[in-house]
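Heads up, the thing below is written out as structure tokens.
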DNA sequence: CCGCAAGCTGAATCGTTAA
DNA sequence: ATTAACGATTCAGCTTGCG
């Protein structure tokens, strides 16, 4: 327990094999954000995430990165996670400190919080940077393990994982979430499995509820956690003590949740498979509609998605636009569902 | 044709609505990369991608960003695409230049080049930054069009798109790919559809084979392209001339409700669409109110505008009375918003 | 005990106009 | 420059409660 820079300063040079760091993001949130149904978003407004300026944040980052670099073995690697608020500062400062970026990894959240006001794209991912100490370092990368984890295909730089919720979310003594930004164990599982060997020492300078420690213990890695807040240290300690070493059944929980890719009709328009301006009709040419640039369609009376317009024209409560509508061009009628299959095959 | 900084310097202040920039990535490649079957990877080793040091790259980036900022309208936005080699420099310098990041977007490539050596994760994405000139800017974001393009779900920050290949890839006179890093039209299509209006001026300071110009022309946007290499200018010019604009009906996208003309509820009462004395209720018939002659409504406890009374009854901070209240008559429940649409259509 | 509906929640830089 | 009023806006997954 203590300040991460002061505590790292007490560790010897080149003594840890891997560092995983989840530093403050410096979110710079404004006033309250209200949900459409009236509820308030429980924002991360803790003091530990507040910095006076970008310069202050940069100074803090430079300092802890310098200690991290000193402690890290020459062939060790460092992982840092962040969002667009801070990751560009962190990435630049990592490069300035002569770290060598091996990959940037995108954590694509399967269930992110929506953008309630319709003002931006849903902020649906976070970014992780994986770096060696220099270009020539002989770092650990368990290529085969990653390939096995990904159905015998190379593991890519984008990882789809759900956010940490439900039973995995650590609760405090009042039953509330113990920490505003707890990371999912599946994320740490993949990182530790990819970049460490059993018995390696993993350091997490922003330990929080101890996800890194719990997964390290489960995978037979040694760990060091540094955390400033007494409340977090307390829940982390209890959590890790309750963690059992991995058994085979638990491994399946960690695997990717895979499902058939959903195709939006708009993607066919973007890719040119169904050009904007094209005419759609049903199999008996009773109704017609025109495709618009954004993938919505318009008949003389209605506009909206292929499903909504199909339903409205027929006076039906619902309609599967994929099988109802056909592209009407020089080659004749082609069911949209056939074009969708073609699009999926091309991917 | 010319150097991007020199040419931008000739453009007036605050004169373009949007900037899309695909600057050199400063890839810092080592020796040749050989594929498992023996072929050599055709790497991007052009002179224009080489910089002496990170500091040189930063200086170059600072310079063109300063010109870009000067040229951009106050409510305009800038997009920059990059990979892990350069995007952390660019993101940091954007923030240093007081740009305000709205989103970082991940272009997840459906068909990336594998990692032939098995030494890292497959580098399967690139990153785009979307920024306004400052926090308060009132930028263009066609929320409804993006939602339509994504099957009526909010468009997320991770976009799955194939790389540019096949017939879309521009060839030179010898049949070789004309440019090593041509971007797919689908990427520009989504960006221009999301963040510009028809007739807007889009600037691309690193024009290459003119993808931005081709898509801008197709979507009825004006464009300015700056490119240093004569060979690229030549293929870009031919390509754009061969691109046909969409006609206006195809270019139409789902309208944003915010841009629709305001209708006072009282107008519906005046016109008889909602008769004074009528009963309003919510979709679940939990609350009721009576319409008064002046367009105010009254429940047993509260009276005022449709918004105020809706908020008060629910104990919510605010309420959209148009979607909350329904006219309750012989035909059943009709949402006020539907009656508003009917009123607008009748005008 | 099951099935279904309703409710809650997550690292969020989350509005515009006119008086 | 400040304030009030208008009115636009959500996805996936888990939990709780009721029949």
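Residue numbers (the working numbering), protein chains in the order written: chain L, 1 to 347; chain U, 348 to 694.
A virtual CB, placed ideally from N, CA and C, is assigned to each residue, including glycine.
- Contact annotation, residue 291 of chain L with residue 299 of chain L: C-beta distance approximately 11 Å; criterion of less than 8 Å not satisfied.
- Along the stretch 10-66 of chain L, the alpha helix (DSSP H) does not occur as any fully enclosed run of 4 or more residues.
- About 6 Å separates the Cβ atoms of residue 326 of chain L and residue 283 of chain L, confirming a contact at the 8 Å cut-off.
- Rounded to whole angstroms, residue 94 of chain L and residue 448 of chain U show a C-alpha spacing of 20 Å.
- Rounded to whole angstroms, the gap between the alpha carbons of residue 558 of chain U and residue 40 of chain L is 43 Å.
- For residue 85 of chain L, no alpha helix (DSSP H) segment is defined, and its DSSP state is neither H nor E.
- Secondary structure of residue 104 of chain L (DSSP, three-state): strand.
- If you check the CB distance, residue 496 of chain U and residue 533 of chain U do not come in under 7 Å.
- Residue 119 of chain L and residue 139 of chain L have their C-alpha atoms some 42 Å from each other.
- Distance check between residue 422 of chain U and each of U:353, U:434, U:478, U:356 places U:478 closest, using alpha-carbon atoms only.
- Restricting attention to L:153, L:79, L:337, the CA atom closest to the CA of residue 127 of chain L is found in L:79.
- In chain order, 1, 2, 3, 4, 48 place their CB closer than 8 Å to the CB of residue 228 of chain L, counting only its own chain and leaving out the 5 sequence neighbours on each side.
- Contacts with chain U at 7 Å (Cβ-Cβ) do not include residue 117 of chain L.
- When secondary structure is reduced to three states using DSSP, residue 585 of chain U falls in the helix class.
- Here residue 480 of chain U is buried, its C-beta having at least 16 other C-beta atoms within 10 Å.
- Under the DSSP assignment, residue 684 of chain U falls in the alpha helix (DSSP H) whose first and last residues are 683-693.
- With a cutoff of 7 Å on beta-carbon distance, residue 408 of chain U and residue 437 of chain U are scored as near each other.
- For residue 141 of chain L, the residues of chain U that pass the 9 Å Cβ criterion are 465, 466, 467, 468, in the order they occur in the chain.
- Straight-line measurement puts the Cα of residue 461 of chain U at about 13 Å from the Cα of residue 384 of chain U.
- The beta-carbon separation of residue 615 of chain U and residue 686 of chain U, rounded to 6 Å, stays under the 8 Å limit for a contact.
- Residues of chain U whose Cβ lies closer than 7 Å to the Cβ of residue 154 of chain L are, in chain order, 461, 462, 469.
- Membership of residue 125 of chain L in the beta strand (DSSP E) is indicated by the continuous run 125-132.
- Counting C-beta atoms within 10 angstroms of its own C-beta, residue 58 of chain L has 16 or more neighbours from the protein chains shown and is therefore classed as buried.
- Taken residue by residue, none of the stretch 367-390 of chain U has a beta-carbon sitting less than 7 Å from a beta-carbon on chain L.
- For residue 161 of chain L, there is no enclosing alpha helix (DSSP H); the residue is part of the beta strand (DSSP E) that begins and ends at 158-161.
- Using a Cβ-Cβ cut-off of 7 Å, residue 57 of chain L does not count as an interface residue toward chain U, since no Cβ of chain U sits closer than that to its own.
- Interface with chain L (7 Å Cβ-Cβ cutoff): residue 651 of chain U is excluded.
- Contact between residue 231 of chain L and residue 223 of chain L is ruled out by a C-beta separation of about 20 Å, above the 8 Å threshold.
- Counting only Cβ-Cβ distances below 9 Å, residue 291 of chain L has contacts in chain U at 597, in chain order.
- Comparing alpha-carbon positions, the option among L:50, L:19, L:13, L:11 lying closest to residue 29 of chain L turns out to be L:50.
- Interface criterion met: the Cβ of residue 84 of chain L is under 7 Å from a Cβ in chain U.
- Comparing C-alpha distances from residue 42 of chain L to each of L:83, L:293, L:181 shows the shortest one belongs to L:181.
- Apart from the 5 residues on each side of it in sequence, residue 21 of chain L sits with its Cβ closer than 8 Å to the Cβ of 64, 68, 78, 79, 80, 81, 204, 205, 206 in its chain, given in chain order.
- In the three-state reduction of the DSSP assignment, residue 207 of chain L falls in the coil class.
- Each of U:636, U:652, U:626 was checked against the Cα of residue 678 of chain U, and the nearest Cα belongs to U:626.
- Our two residues, residue 86 of chain L and residue 96 of chain L, have alpha carbons roughly 15 Å apart in a direct line.
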